[in-house]
Amino acid sequence: MRGAAMKLGQLLSMDAGELLPAEWEPILSRLRQNADAMPKTQLVATLENAWGKEWHKQFAYFSLEPIAAASIGQVHRAKLHDGRELAIKVQYPGVRESIDSDIDNVVGLIKLTGALPKHINIDPLLDEAKAQLKTEADYLQEAQFLKAYREDLAQNEHFIVPFVVDELTSSDILAMEYVEGSSISSLDEGISGEQHQVLANDICEKLMALTYIELFDTQLMQSDPNFANYLYQKDSGKIVLLDFGACRTLSDHTSEHYKAMAIAMQNQDRKGMELALLELGLIDKNMSSKVTDIILNACTIASECLQTKYANETYNIKAQGLIKRIQNETIPLIADRTATATPKFDVALVNRKITGMVLLANKLGAGLDFKSALAPYISPVVIKD
Numbered sequence: 001m002r003g004a005a006m007k008l009g010q011l012l013s014m015d016a017g018e019l020l021p022a023e024w025e026p027i028l029s030r031l032r033q034n035a036d037a038m039p040k041t042q043l044v045a046t047l048e049n050a051w052g053k054e055w056h057k058q059f060a061y062f063s064l065e066p067i068a069a070a071s072i073g074q075v076h077r078a079k080l081h082d083g084r085e086l087a088i089k090v091q092y093p094g095v096r097e098s099i100d101s102d103i104d105n106v107v108g109l110i111k112l113t114g115a116l117p118k119h120i121n122i123d124p125l126l127d128e129a130k131a132q133l134k135t136e137a138d139y140l141q142e143a144q145f146l147k148a149y150r151e152d153l154a155q156n157e158h159f160i161v162p163f164v165v166d167e168l169t170s171s172d173i174l175a176m177e178y179v180e181g182s183s184i185s186s187l188d189e190g191i192s193g194e195q196h197q198v199l200a201n202d203i204c205e206k207l208m209a210l211t212y213i214e215l216f217d218t219q220l221m222q223s224d225p226n227f228a229n230y231l232y233q234k235d236s237g238k239i240v241l242l243d244f245g246a247c248r249t250l251s252d253h254t255s256e257h258y259k260a261m262a263i264a265m266q267n268q269d270r271k272g273m274e275l276a277l278l279e280l281g282l283i284d285k286n287m288s289s290k291v292t293d294i295i296l297n298a299c300t301i302a303s304e305c306l307q308t309k310y311a312n313e314t315y316n317i318k319a320q321g322l323i324k325r326i327q328n329e330t331i332p333l334i335a336d337r338t339a340t341a342t343p344k345f346d347v348a349l350v351n352r353k354i355t356g357m358v359l360l361a362n363k364l365g366a367g368l369d370f371k372s373a374l375a376p377y378i379s380p381v382v383i384k385d
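Under full-length UniProt numbering, residues 1 to 385 are what the sequence shown spells out, in order.
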């Protein structure tokens, strides 16, 4: 399997057991599996179409065996004659053309399970999802995002963003720097419990800070928090950032009202939370008071991470059972016909990024000082009309 169907499965779940109905798991588990790599004949034809018959002469080395096969493309290692080590991402033929039908087919399967309440209209979000995936399938656009992101983080010592080789990049092929690193999901290998805790805290602290930078500073967010998009260099302590197809430019409105939401959560101000959620489209005035109260209760539970009393005090999401408590609070929303707010798509993507970072911290058992990390961004806040 490959293409938009697989990508949608990844968008829906990084950890279905934590957040999504059990009925979805058989479908999503298949969609989360590794993609099928291209046959070599198809790969060579794709490279010849992009670079010409003698494409191989540009390289000192090019491996026809992929080092990774993802939803819309596979990655190959290469080396230029000037010594630069590259990762070449090659898109599967036909991916862009099949996006609409792939998404429709997956949503049809999910509806057949009965897990998606019939009263919820997700068509506007699906239209946005199709447009977003078509953007992700344009590697020229991804190259522009990558370069902008690299410039934004040029002075940040905690992250590595690969460079782009423009002359080898097209809408179907992205040539970028190859950077070594270890998967953040394999941190337990060869280290003790205490070492793991220090490492988990360090990684999640840096990624949480990056999320705040994206949301409140640069307003350019890499909205796909798939764990495979991050590598960790144990020697340097730096995090390598990969895959910029899902970047999204955030509006001032979105950034400012998330800031207002953060302030309200820190103050446990339910009225302030309600106003911010209304502006973000996460609740609406057609909802019953019961639904609004459930959502505000969930936000109040989530706000515990901002209630630390001492400098540098950390909050451990996993140890506190935060995700399960929020899930238990919000279960009644599935059956309530008034729980139908449809946020703007960039808000949905921001929520996915934040949720992904929370799931990562939960998976690794990280303890984080959310309050101190957020402090530089939440005072003062000015909401524009």
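Ideal Cβ positions, reconstructed from N, Cα and C, are used throughout, including at glycine. Nothing here was measured: the structure is a model prediction, and the numbers come from that model.
Proximity of residue i and residue j at Cβ, strictly below 8 Å
i, j, result
"S98", "L140", "no"
"Q222", "T249", "no"
"T254", "D152", "no"
"G281", "K344", "yes"
"Q233", "E180", "yes"
"N286", "T338", "yes"
"I203", "I184", "yes"
"A200", "I88", "no"
"I160", "L241", "yes"
"L80", "Y178", "no"
Per-residue burial, residue i [other beta carbons within 10 Å of its own, 16 or more giving buried]
i, result
"D369", "buried"
"H76", "buried"
"V198", "exposed"
"E48", "exposed"
"S63", "exposed"
"E54", "exposed"
"N312", "exposed"
"H257", "buried"
"P66", "buried"
"K259", "buried"
"K309", "exposed"
"I331", "exposed"
"L207", "buried"
"A70", "buried"
Strand pairing of residue i, partner residues [DSSP]
i, result
"D67", "Rather than Asp, the amino acid found at residue 67 in this sequence is Ile. Beta-bridge pairing links I67 to no other residue."
"L207", "Answer is none; L207 lacks a bridge partner."
"G94", "DSSP lists no partner for G94."
"N316", "G367"
Where residue i falls: helix, strand or coil (DSSP)
i, result
"T355", "helix"
"T292", "helix"
"L277", "helix"
"K134", "helix"
"R248", "strand"
"R77", "strand"
"V106", "helix"
"A50", "helix"
"V161", "coil"
"Y377", "helix"
"S186", "helix"
"I122", "coil"
Any non-hydrogen atom of the ligand COA within 7 Å of residue i CB
i, result
"S63", "What this structure holds is no ligand at all, so the ligand COA is not there to describe."
(request) Inspect the CB distances between the stretch 288-301 and the stretch 256-275 and report whether three or more fall short of 8 Å. (result) In short, these stretches touch, since the Cβ pair count reaches three.
(message) For the structure I just gave you, are there three or more beta carbon pairs, one from the stretch 142-150 and one from the stretch 224-238, closer than 8 Å?
(response) With the cut-off at 8 Å, the stretch 142-150 and the stretch 224-238 do not touch.
(request) State whether the stretch 101-113 contacts the stretch 308-324, with contact taken as three or more CB pairs (one from each stretch) at a distance under 8 Å. (result) The stretch 101-113, when compared against the stretch 308-324, does not touch it at the 8 Å Cβ threshold.
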